[in-house]
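According to the numbering used here, the sequence shown is numbered sequentially starting from 120.
Remarks on the structure that follows.
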Amino acid sequence: MAQQTTPYSYTERKRIRKSFGKRESVLNVPYLLTMQRESYVAFLQKDVPPQKRKPEGLQAAFLSAFPIVSHNGFVEMKFIEFNMAKPAFDTRECQQRGLTYAAAVRAKLQMIIYDRESPQAKTVKEIKEQEVYMGEVPLMTDYGSFIVNGTERVIVSQLHRSPGVFFEHDKGKTHSSGKLLFSARIIPYRGSWLDFEFDPKDILYFRVDRRRKMPVTILLKAIGLNPESILAHFFVFDNFRLMDSGAQMEFVADRLR
Numbered sequence: 120m121a122q123q124t125t126p127y128s129y130t131e132r133k134r135i136r137k138s139f140g141k142r143e144s145v146l147n148v149p150y151l152l153t154m155q156r157e158s159y160v161a162f163l164q165k166d167v168p169p170q171k172r173k174p175e176g177l178q179a180a181f182l183s184a185f186p187i188v189s190h191n192g193f194v195e196m197k198f199i200e201f202n203m204a205k206p207a208f209d210t211r212e213c214q215q216r217g218l219t220y221a222a223a224v225r226a227k228l229q230m231i232i233y234d235r236e237s238p239q240a241k242t243v244k245e246i247k248e249q250e251v252y253m254g255e256v257p258l259m260t261d262y263g264s265f266i267v268n269g270t271e272r273v274i275v276s277q278l279h280r281s282p283g284v285f286f287e288h289d290k291g292k293t294h295s296s297g298k299l300l301f302s303a304r305i306i307p308y309r310g311s312w313l314d315f316e317f318d319p320k321d322i323l324y325f326r327v328d329r330r331r332k333m334p335v336t337i338l339l340k341a342i343g344l345n346p347e348s349i350l351a352h353f354f355v356f357d358n359f360r361l362m363d364s365g366a367q368m369e370f371v372a373d374r375l376r
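Right, here's the structure in full:
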């Protein structure tokens with residue numbers, strides 16, 4: 120009587136495991152890389168026709184950046200579709216040459232030029248379409264990894280703080296006197312982090328992405344404030360009335376608290 124053999128699965132063909140137990144395996148090991156591979160395939164949508172792509176992943180990134188309108192409003196650039204070329208080398212050759220296993224991304228853009236001298240609101244003067252090289256996107260291998268500069272790497276999940284404004288202090292550990300130094304952090308949904316902090320002399324500074332500390336007046340002037348408006352916003356002006364017997368000013372009881 121011939122012995123019946125069961126076909127090996129994908130995992131069993133790559134790494135054969137021998138079991139010395141008395142009970143047979145009741146559950147086959149599934150393909151554990153399915154979630155990672157399907158997620159990245161949905162992100163790229165490489166094999167999906169441009170008209171049928173969902174607004175997610177790379178397609179959503181292009182849609183969020185376009186259209187781009189000039190300052191005067193007479194030139195507008197729209198995104199039509201993107202295409203991904205085949206990689207120049209396979210995974211093994213990228214490892215041997217020290218290259219990145221990636222595919223070139225080219226986007227078809229449309230530039231619309233409006234007529235400035237037209238009496239109507241917006242009259243199209245000229246339309247140009249061109250395919251533009253946008254860069255390269257790494258491709259995932261069959262093992263759920265990426266090849267960057269010839270080295271195989273994998274993605275590790277990382278936690279990110281939620282966007283918002285956070286206030287805190289150092290609990291008096293920075294200065295020898297135990298003075299509380301307060302700070303604030305603005306975390307946007309997309310972009311650079313902005314930190315505000317006081318020093319022991321009550322001077323306010325700011326940092327961009329935790330880099331060099333700079334006076335906050337530089338930031339305020341960069342957003343359009345002048346020294347007079349900065350002083351008027353953060354300080355109280357007192358009006359004095361000069362008299363023959365001296366000077367007179369308004370009495371504010373809240374300042375005595």
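The beta carbon of each residue, even a glycine, is placed where N, CA and C say it ideally should be.
*Measuring alpha carbon to alpha carbon, tell me which of LYS298, ARG360 and ARG304 ends up nearest VAL284.*
Position 165 of the sequence shown, counted from the start, is the residue given in the question as residue 284. When each option's Cα is compared against that of VAL284, the closest is ARG304.
*asked:* Using only the alpha-carbon positions, how far apart do LYS241 and VAL188 sit?
replied: Indexing the sequence shown from 1 puts residue 241 at position 122. Indexing the sequence shown from 1 puts residue 188 at position 69. One C-alpha to the other measures close to 13 Å.
_Suppose the cutoff is 6 Å on Cβ atoms and the five residues either side in sequence are ignored; what does the same chain contact list for GLU271 look like?_
Position 152 of the sequence shown, counted from the start, is the residue given in the question as residue 271. Taken in chain order, the residues that qualify are SER264.
*In terms of DSSP beta bridges, what is ILE306 paired with?*
One-based indexing of the sequence shown puts residue 306 at position 187. Note: ILE306 sits in a beta bridge opposite GLY283.
*What are the boundary residues of the alpha helix (DSSP H) that PRO346 is part of?*
The residue you call residue 346 lines up with position 227 of the sequence shown. Note, PRO346: alpha helix (DSSP H), 346 to 353.
*For TYR324, the residue or residues it bridges with in DSSP*: If you number the sequence shown from 1, residue 324 lands on position 205. In the DSSP output, where bridge partners are listed per residue, TYR324 has GLU316 and PRO334.
*asked:* With distance defined between alpha-carbon atoms, name the residue in PHE193, GLU200, PRO257 and VAL194 nearest to ALA221.
replied: As a first step, residue 221 must be located in the sequence shown, where it is residue number 102. Measuring from the Cα of ALA221, the nearest candidate turns out to be PRO257.
*Below 8 Å CB to CB, which residues in the same chain sit around TYR324 once its five sequence neighbours on both sides are set aside?*
Here residue 324 refers to the residue found at position 205 when the sequence shown is read from its first residue. For TYR324, where only same-chain residues beyond five positions count, the Cβ hits under 8 Å are PHE315, GLU316, PHE317, ASP318, LYS332, MET333, PRO334 and VAL335.
*DSSP puts PRO257 in a beta bridge; with which residues?*
Locating residue 257 in the sequence shown gives position 138, counting from the first residue. Per DSSP, ALA221.
*Would you mind sorting GLN122 into buried or exposed? The rule is 16 or more other CB atoms within 10 Å of its CB.*
Numbered from its first residue, the sequence shown carries residue 122 at position 3. Low per-residue confidence applies at GLN122: pLDDT is 46, beneath 50, and the placement is therefore not dependable, though the value from the model is reported in the following sentence. Classification of GLN122: exposed, given that the 10 Å Cβ count is below 16.
*Roughly how many angstroms lie between the CA atoms of MET120 and GLY140, to the nearest whole one?*
Here residue 120 refers to the residue found at position 1 when the sequence shown is read from its first residue. Here residue 140 refers to the residue found at position 21 when the sequence shown is read from its first residue. Here the model assigns MET120 a pLDDT of 46, short of 50, so the residue's position is not dependable and the matter cannot be decided.
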